[in-house]
Amino acid sequence: GEDVEQSLFLSVREGDSSVINCTYTDSSSTYLYWYKQEPGAGLQLLTYIFSNMDMKQDQRLTVLLNKKDKHLSLRIADTQTGDSAIYFCAESASHGSGNTGKLIFGQGTTLQVKP
Amino acid sequence: DTGVSQDPRHKITKRGQNVTFRCDPISEHNRLYWYRQTLGQGPEFLTYFQNEAQLEKSRLLSDRFSAERPKGSFSTLEIQRTEQGDSAMYLCASSPGTSGRAPWYEQYFGPGTRLTVT
């Protein structure tokens with residue numbers, strides 16, 4: 085079945101790079117996403133990557149995809165205290181002959197940034 | 024573009040009562056999704072609409088749950104005879120889908136409705 089797993093917690097110092105890891109099981113997933121959630125708020129779409137790409141860079145964010153190992157990572161350069169939040173990895177689940185866009189989420193990684 | 028909005032933001036109800044939540048998607052997004060998020064977990068898919076048609080429902084959506092999107096714009100999620108296990112954050116999301124206006128796979132979330140059943 086479809087499953088997404090993430091480590092639960094990461095602590096870094098301000099200015100360091102953060103790397104959040106994720107593994108997924110559905111090899112037919114077409115899109116893989118990273119969302120950010122701050123306390124009491126909804127989810128903010130940070131970035132996504134197509135399954136036929138290896139890497140995507142967007143300002144301080146770098147996404148790496150290893151499709152063979154079904155491993156996705158999010159690197160945040162020059163991490164700031166405002167980056168403290170929960171980060172969710174998600175895969176777009178396939179359904180029959182089409183892609184419904186339904187997302188399967190991991191349990192989230194809490195990023196703590198220390199001054 | 025005002026984003027996805029949800030109402031109410033918080034709801035406290037007594038067990039056994041019915042509750043209804045509303046979601047207004049981003050204008051011209053023809054796909055609308057409902058998810059449920061419990062404390063410490065990622066969101067779990069409940070159901071989705073393309074325009075007014077409800078195309079998929081999760082096994083999580085028991086008979087006490089019903090969702091509608093009557094005119095293909097806003098959607099409502101009703102929970103009948105609430106139970107304490109229904110306490111969660113209910114999230115709505117929308118995506119352009121087949122509207123062709125933007126990448127169909129970009130899914131944007133609202134702020135959520137936090138339900139507490141006492």
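Each protein sequence line maps, in turn, to chains A and B.
Take any residue in the first sequence, count from 1 to its spot, add 84: that is its number in the numbering used here.
Take any residue in the second sequence, count from 1 to its spot, add 23: that is its number in the numbering used here.
By construction, the Cβ of each residue, glycine as well, lies at the ideal position given by its N, Cα and C atoms.
Original post:
Taking 9 Å as the CB-CB cut-off, is A:S101 touching chain B?
Top reply: no
**OP:** Spell out a yes or no on whether the region 158 to 175 of chain A and the region 115 to 135 of chain A are touching, meaning 3 or more CB-CB pairs, one atom from each, closer than 8 Å.
**Re:** yes
**OP:** Hey, could you find the ends of the beta strand (DSSP E) B:T128 is sitting in?
**Re:** Before going further, note that residue 128 of chain B is Tyr rather than Thr in the sequence given. No beta strand (DSSP E) contains B:Y128, which DSSP labels as neither H nor E.
Original post:
Name the chain B residues that come within less than 8 Å of A:K41, Cβ to Cβ?
Top reply: Nothing can be reported for residue 41 of chain A, as the shown portion of chain A is limited to 85 through 199.
**OP:** Find the nearest neighbour of B:T70 within the set B:S50, B:G63, B:L84, judged by alpha-carbon distance.
**Re:** B:L84
Original post:
Which of the residues in the region 126 to 137 of chain A, read from start to end, lie with their CB under 8 Å from any CB of chain B?
Top reply: G126, L127, Q128, L129, Y132
Original post:
Is the Cβ of B:Q64 closer than 9 Å to any Cβ of chain A?
Top reply: yes
Original post:
Taking A:D138 as the reference, which of A:L148, A:R144, A:L129 has the closest Cα?
Top reply: A:L148
**OP:** Tell me, please, whether the region 89 to 101 of chain B touches the region 87 to 103 of chain A by the rule of three or more beta-carbon pairs shorter than 8 Å.
**Re:** no
Original post:
Which runs of the beta strand (DSSP E) fall wholly inside the region 107 to 161 of chain A and span at least 3 residues, in chain order?
Top reply: 115 to 121, 127 to 134, 139 to 142, 145 to 150, 155 to 160
Original post:
A:G192 versus chain B: which residues are under 7 Å apart at the beta carbon?
Top reply: G65
Original post:
With a cut-off of 9 Å, does the C-beta of B:F159 fall near any C-beta of chain A?
Top reply: A query on residue 159 of chain B cannot be resolved here, the shown segment of chain B reaching from 24 to 141 and no further.
Original post:
Got a sec? Which residues, its chain only, sit under 7 Å from A:L130 by beta carbon, not counting five neighbours each side?
Top reply: W118, Y119, K120, L145
Subject >> Secondary structure of A:D167, DSSP reduced to three states >> reply: helix
Original post:
In this structure, does DSSP put A:D87 in helix, strand or coil?
Top reply: coil
Original post:
Going by beta carbon distance, what residues of the same chain come within less than 7 Å of B:E106, once the five residues before and after it are set aside?
Top reply: R38, V140
Subject >> Assigned secondary structure, B:D86 (DSSP; H/G/I helix, E/B strand, else coil) >> reply: coil
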